[in-house]
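A.B. asks:
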Amino acid sequence: MAGSITFSVNGKSQTLALAPETPLLYVLRNDLELNGAKFGCGLAQCGACTVIADGAAIRSCITPLGDVAGREVTTIEGLGTSEKPHPLQKAFIELQAAQCGYCINGMVMSAKALLDQSPQASNTEMREALAGNLCRCGTHTRILRAIAQAQKEMAP
Amino acid sequence: MREMGLGRAIPRTEDWRLLRGRGRYTDDTTLPRATRLYVLRSPHAAARICSIDTTAGLKSPGVLAILTGEDMAREGFGTFASRVTRQRPDGKPNFVPPYRPLALERVHHVGEPVAAIVAETLDQAKDAAELVAVDYETLPSVTDTAEAAKPGAPTVWEEAPSNLCFLFKIGDKSAADAAFARAQHVARESFLISRVTANSMEGRAALAAYDEGEDRYTLHAGLQGPHGMRQEIANVFGLPATRFHLISPDVGGGFGMKGSIYPEYILALWAARLIQRPVKWIAERGEGLISDHEARDNRSTVELALDQNGKFLALRVNTIANLGAYLALSGVHCPTNNLGGLAGTYTIPAFDVTVTGVFSNTLPTSAYRGAGRPEASYCIERIIDVAAREMQLDRAELRRRNMIPAEAMPYKTALTFTYDSGEFEAMMEKCLELADWRGFEIRRAEARQRGKLRGIGMASVIESAGGPPGKPMEEGAEIRFDPGGTATVLMGSHNHGQGHETVFRQFAQELLGLPFDKVRVAYGDTDAVYHGRGTFGSRTMMVGGTAFKAAAEKVIARGKEIAAHLLEASALDIEFSDGRFTVAGTDRGVDLAEVAKASFLPGRTPKGMELGLQGAAVMAPSDASFPNGCHVCEVEIDPETGTTQMVRYTVVDDVGRVVNPLLLKGQIHGGIAQGAGQALLEAVVYERESGQMLSGSFMDYGMPRADDFPSFEVGSHDVPCRTNPLGIKGAGEAGTVGALPAVMNAVADALRPLGIARIDMPASPEAIWRAIQAATT
């Protein structure tokens, strides 16, 4: 297809005929029906839209679609299944880290990128990795505990 | 049997949906042929609208409609209501400004909607908005609370001279005056209780549709009380409530802010009818910051009279409350209806409380976690610390000397509340022990060696929940069984993060013995749910729980008749326990699920009895509850940068009987985070001259982040509430009520060795650095 962009989302190849400057967040939500990433501010200032591209946490609201051409994007929908939840999803539920749930996508995806890259991440590194993710329900301390719990489960 | 009943720490059933990105927030729903609404807003704090020319905008590609205040006036729309009325000094009811969805002739704050543009896409609507020519004649404006109240300030409304909306007094002035006259010591201080905004992570949103066949409107929006909102919207349209269907799905944070009626709901619904297509509006973040109702913003002068032994004799409070340019639905309520907390956990014999409500060229102020409660606690708890410092008494000891003893319950305060229960001193001792209050000076000295200023602060606070006191509002609950024997619980309260889907399953297990997987909890749909007040004021567990219990009792009563028929016994001999009806004294019985199935079968029910099994109740408890708690906060300040780090936080709370400790502690954590956020970081700032919003983005409005908090230590000292059948007190706002004074008392204590007597919220690095510079140079 002429003028189309191909990239992978949650392991599935997608080819879309969209303007390359379209923010990835809108592509995920409007064209791929993946609503897990949220619009919080549109300016990469809150983290609600975080997804993972080739292992790195990125803000999908300011990432042009063209930037992920040929890359592997993971959204929260691609994490675990009902039968086999991701350790982060499990820990967030067990420790009741989510309240309204709107920031949680970003918290989980930022944490996943961190733990995938540095399985031994320290508490300080966790705090730093999440410093760009806002949560107004004030569940930060539980989110950090949940990440630490998931880290243990993910340890080889 | 009740392993999932009340009191158990059970993870939430709703979380699996939210943790997989399967939540359903307003923007996650689309409707075929949906269009987009963009709202053109006033760039001025005060101006006359000389003209609006929409000609060029209407020719812009994709534009479907451009609507103005004049269009709205022609259609006869009403204005937004103010729920509470107070009096002017002359005794007449306060002036209620005409709060219209679109400005007419004048604008009164930056961000006020001026025109509604509907187009095929958002970009097209924004392009057209650029072509709408509005000719403004700017006028002088005032945004600051104290300045708005000063003589000669620019007038916001000519109908309200001196910007005065109301003058509200409670207490007994002559008794207080007499007490002050004989006082040995009077502590006096002025406090600025800053203006904050909720900034829910999900901004406000609306998806409106109009069904021409039925002449009926549907609104999807994140709301806290859909039924109340349906009536407010119907009133603005001048139509019956039956013509509106409100759906409030998952909501990404409410905090009181989403309890207000807002212009965009009306504009989206109206436009959907005009263009006969669905209309979607999603607040951009900057737009939310100039259109969401804000909160608090008080200037309070507080005086505490004490005798030579430190016994409190009287409290005098003079507050100027900034109401904004218009009155929000709860705008007058917040600064006047939750003053009872000023009495605190203490025996204060006399009060003299005056609140002056003023208009300003700012967004309306309304409810935000606590809605007047944290402000009241802030005044009493901070002035006690001032008194202790001046009288050279230990702060805990001064509180102890004045605490209401447990045996005095029920205790009628000299202000407005009558507390049903509470063991304030035992709770404070427990908290001081957990927080190692007595060992603090060692930690202070150790920090000093590291060049840090360490401080400790406490607050013993109480607030009303599920009120108003004396005449609490009701909630609706319904339990519907289907012919398969499973149940749907329909609640009038609204879940936006509190965990209601889980806790009402716990109620169903506790009271009806139903397993979690046989119950669905529904809410947030005015067509499905019979009646609801909604979620605010820490009310749902006690008020919704009271209604649920009444509904469950109806199910049991009816179930007994059916069970008696099935078991060939008298209904009087049927007992119900743990989901099973049995004939007293025998092992013959039948499960509730079987009774529910039988209830739909004419042959299996008593002759002449109506079929089906359900119970519904709209109920209020006999009184509000009074959750209370003791908070201790420790901070360390870096004098070089002014940065404050919370290093320790301990709270012991009494929220009555606990439904789910896991969720409860989450609510307490969140409340503390929001209180600490206001104390240390957050502030809505308007530019003095122009009235422009300076804190208009997440880069300008500071909020707490993951690296800002220590781990909170949460203890409990639960004393069951005596005024509702479940013994539950509220919990949602408790953390904020205590955190505001506890954090600021700790900051003040840390700065005390430098001779800094006063520090106001937010105690930002800049504010502290400046205070230190002024004190040390």
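Protein chains in written order, with my numbering: chain U, 2 to 157; chain B, -4 to 772.
Virtual Cβ for every residue (Gly too), placed ideally from N, Cα, C.
Residue range of the beta strand (DSSP E) that B:N293 falls in?
C.D. replies: As a working note, residue 293 of chain B is residue 298 in the second sequence. Here the beta strand (DSSP E) through B:N293 covers E289 to L301.
A.B. asks: Please confirm if B:Q669 has its CB atom under 8 Å from at least one CB of chain U.
C.D. replies: Taking the first residue of the second sequence as 1, we reach residue 669 of chain B at position 674. Yes, B:Q669 counts as interfacial toward chain U.
A.B. asks: For B:E(-2), which residues in chain U fall below 9 Å Cβ to Cβ?
C.D. replies: Counting from one through the second sequence, the residue named residue -2 of chain B turns up at place 3. Within 9 Å Cβ-Cβ: nothing; B:E(-2) doesn't reach chain U, min ~17 Å.
A.B. asks: Spatial neighbours of B:E586 within its chain, please: CB distance less than 7 Å, with the 5 preceding and 5 following residues excluded, ordered by chain position.
C.D. replies: What you label residue 586 of chain B is simply residue 591 of the second sequence in a count that begins at 1. The question names Glu, but residue 586 of chain B is Asp in the sequence shown. These residues qualify, in order along the chain: G574 and R575.
A.B. asks: Going by DSSP, what residue range makes up the alpha helix (DSSP H) through B:C625?
C.D. replies: Numbered from 1 along the second sequence, position 630 holds the residue referred to as residue 625 of chain B. First-last for B:C625: N623 to D633, but that is the beta strand (DSSP E), not the alpha helix (DSSP H).
A.B. asks: Under 8 Å between the Cβ atoms of B:G624 and B:V646?
C.D. replies: Here the question's residue 624 of chain B lines up with position 629 in the second sequence. Here the question's residue 646 of chain B lines up with position 651 in the second sequence. Yes, Cβ-Cβ distance for B:G624 and B:V646 is below 8 Å.
A.B. asks: Note down, one range per segment and in chain order, each beta strand (DSSP E) of at least 3 residues found wholly within the segment 340 to 414 of chain B.
C.D. replies: 345 to 354
A.B. asks: Quick one: which chain U residues come within Cβ less than 7 Å of B:P6?
C.D. replies: Along the second sequence, read from residue 1 onward, the residue named residue 6 of chain B stands at position 11. I94, E95 and Q97, listed in chain order.
A.B. asks: Give a yes or no on whether 8 Å exceeds the smallest Cβ distance from U:M2 to chain B.
C.D. replies: As a first step, residue 2 of chain U is located in the first sequence; it is residue number 1 there, counting from the start. The predicted model places U:M2 with a pLDDT of 47, which falls under 50 and marks its position as unreliable; any figure quoted below should be read in that light. Output row for U:M2: interface = no.
A.B. asks: Between the alpha carbons of B:A440 and B:Q640, how many angstroms are there, rounded?
C.D. replies: Residue numbering aside, residue 440 of chain B sits at position 445 when the second sequence is read from its first letter. Residue numbering aside, residue 640 of chain B sits at position 645 when the second sequence is read from its first letter. Taking the straight line from one Cα to the other gives about 17 Å.
A.B. asks: Does U:E129 come within less than 8 Å of chain B when only Cβ atoms are used?
C.D. replies: Here residue 129 of chain U is taken as the residue at index 128 of the first sequence, counted from 1. The beta-carbon of U:E129 is placed less than 8 Å from the nearest beta-carbon of chain B.
A.B. asks: List the residues of chain U that B:A366 touches, going by C-beta distances under 8 Å, in chain order.
C.D. replies: Position 371 of the second sequence, counted from the first residue, corresponds to residue 366 of chain B. Near B:A366 there are no residues of chain U at all, since even the closest Cβ is about 16 Å away, more than 8 Å.
A.B. asks: If you reduce the DSSP assignment to three classes, tell me which class B:L318 lands in.
C.D. replies: Taking the first residue of the second sequence as 1, we reach residue 318 of chain B at position 323. Of the three classes helix, strand and coil, the one that applies to B:L318 here is strand, per DSSP.
A.B. asks: Which of the three DSSP states is assigned to B:Y175 in this structure?
C.D. replies: Here residue 175 of chain B is taken as the residue at index 180 of the second sequence, counted from 1. Before going further, note that residue 175 of chain B is Phe rather than Tyr in the sequence given. Looking at B:F175 - three-state DSSP - the assignment turns out to be helix.
A.B. asks: What's the C-alpha gap between B:M698 and B:L676?
C.D. replies: Numbered from 1 along the second sequence, position 703 holds the residue referred to as residue 698 of chain B. Numbered from 1 along the second sequence, position 681 holds the residue referred to as residue 676 of chain B. For B:M698 and B:L676, the distance between alpha carbons rounds to 6 Å.
A.B. asks: If you measure from the beta carbon of U:G12 to each beta carbon in chain B, is any gap under 8 Å?
C.D. replies: Sequence index remark: in the first sequence, residue 12 of chain U carries index 11 (1-based). Chain B has no Cβ within less than 8 Å of the Cβ of U:G12.
A.B. asks: Answer yes if the segment 315 to 334 of chain B comes into contact with the segment 258 to 268 of chain B, meaning at least three C-beta pairs across the two stretches below 8 Å, and no otherwise.
C.D. replies: Cβ pair count under 8 Å is below three, so no.
A.B. asks: How long is the line joining the alpha carbons of B:M(-4) and B:I5, rounded to whole angstroms?
C.D. replies: Position 1 of the second sequence holds residue -4 of chain B. Position 10 of the second sequence holds residue 5 of chain B. Below a pLDDT of 50, predicted positions are generally treated as unreliable, and B:M(-4), at 46, falls in that range; no measurement from the model is reported.
A.B. asks: Measure the C-alpha to C-alpha separation of B:L388 and B:R717 and round it to an integer number of angstroms.
C.D. replies: Walking along the second sequence from the start, residue 388 of chain B turns up at place 393. Walking along the second sequence from the start, residue 717 of chain B turns up at place 722. Near 35 Å, if we compare the C-alpha coordinates of B:R717 and B:L388.
A.B. asks: Starting from B:Y205, trace the beta strand (DSSP E) in both directions and tell me its first and last residue.
C.D. replies: To locate residue 205 of chain B, count along the second sequence from 1; it is residue 210. Here the beta strand (DSSP E) through B:Y205 covers A200 to D206.
A.B. asks: What are the uninterrupted segments assigned as alpha helix (DSSP H) that are 4 or more residues long and contained completely in the segment 633 to 677 of chain B, given in chain order?
C.D. replies: Listed in chain order, they are 656 to 675.
A.B. asks: Any heavy atom of the ligand NAD within a distance shorter than 7 Å of the CB on B:E589?
C.D. replies: Of ligands this structure carries none, so the ligand NAD is not represented either.
A.B. asks: Where do the ends of the beta strand (DSSP E) carrying B:C426 lie?
C.D. replies: In the second sequence, counting from the first residue as 1, residue 426 of chain B sits at position 431. No beta strand (DSSP E) holds B:C426; the alpha helix (DSSP H) holding it covers F419 to L429.
A.B. asks: Quick one: what does DSSP say U:M2 is sitting in, helix, strand or coil?
C.D. replies: As a working mapping, residue 2 of chain U is identified with position 1 in the first sequence. With a pLDDT of 47 at U:M2, under the threshold of 50, the modelled position of that residue is not reliable, and the figure given next carries that caveat. The answer is coil: DSSP assigns U:M2 none of H, G, I, E or B.
A.B. asks: Please confirm whether B:S711 and B:D648 have their CB atoms less than 8 Å apart.
C.D. replies: Counted from its first residue, the second sequence places residue 711 of chain B at position 716. Counted from its first residue, the second sequence places residue 648 of chain B at position 653. Closer than 8 Å, so yes.
A.B. asks: With 8 Å as the C-beta to C-beta threshold (strictly closer), list the residues of the segment 45 to 69 of chain U near chain B in chain order.
C.D. replies: Cβ contacts with chain B come from Q46, C47 and A49.
A.B. asks: Tell me whether B:P330 sits in a helix, a strand or coil according to DSSP, three-state version.
C.D. replies: If you number the second sequence from 1, residue 330 of chain B lands on position 335. Helix, per DSSP.
A.B. asks: Excluding five sequence neighbours on each side, which residues of the same chain lie with their C-beta closer than 8 Å to the C-beta of B:R280?
C.D. replies: Sequence index remark: in the second sequence, residue 280 of chain B carries index 285 (1-based). Correct list, in chain order: G198, S692 and F693.
A.B. asks: According to DSSP, simplified to helix, strand and coil, what is B:R700?
C.D. replies: Start at 1 with the first residue of the second sequence, and residue 700 of chain B comes out as number 705. DSSP places B:R700 in coil when its eight states are reduced to three.
A.B. asks: Give me the Cα-Cα distance between B:G672 and B:D703, rounded to the nearest whole angstrom.
C.D. replies: Residue numbering aside, residue 672 of chain B sits at position 677 when the second sequence is read from its first letter. Residue numbering aside, residue 703 of chain B sits at position 708 when the second sequence is read from its first letter. Using only the alpha carbons, I get a separation of about 9 Å.
A.B. asks: Nearest to B:P757 by alpha carbon, out of B:R101, B:E154, B:R291 and B:G339?
C.D. replies: As a working note, residue 757 of chain B is residue 762 in the second sequence. Cα-wise, what sits closest to B:P757 is B:R291.
A.B. asks: Can you tell me which of B:G450, B:A203 and B:F435 puts its alpha carbon nearest to the alpha carbon of B:P27?
C.D. replies: For the purposes of this step, residue 27 of chain B is identified with residue 32 of the second sequence, where counting begins at 1. Residue B:A203 is the option with its Cα nearest to B:P27.
A.B. asks: Mind checking if U:Y27 is an interface residue toward chain D, Cβ cutoff 8 Å exclusive?
C.D. replies: Among the protein chains in the structure shown, which are U and B, there is no chain D.
A.B. asks: Check each candidate in B:G519, B:E436 and B:L159 and name the one with the smallest Cα separation from B:Q82.
C.D. replies: Position 87 of the second sequence, counting from 1, holds the residue named residue 82 of chain B. Selected option, being the one with the closest Cα: B:L159.
A.B. asks: Please classify B:G540: does DSSP put it in a helix, a strand, or coil?
C.D. replies: On the second sequence, position 545 is the one that residue 540 of chain B refers to. The answer is helix: DSSP assigns B:G540 an H, G or I state.
A.B. asks: Just mark B:A579 as buried or exposed, buried being the case when its beta carbon has 16 or more other beta carbons within 10 Å.
C.D. replies: Translated into positions along the second sequence, residue 579 of chain B becomes position 584. It counts as exposed.
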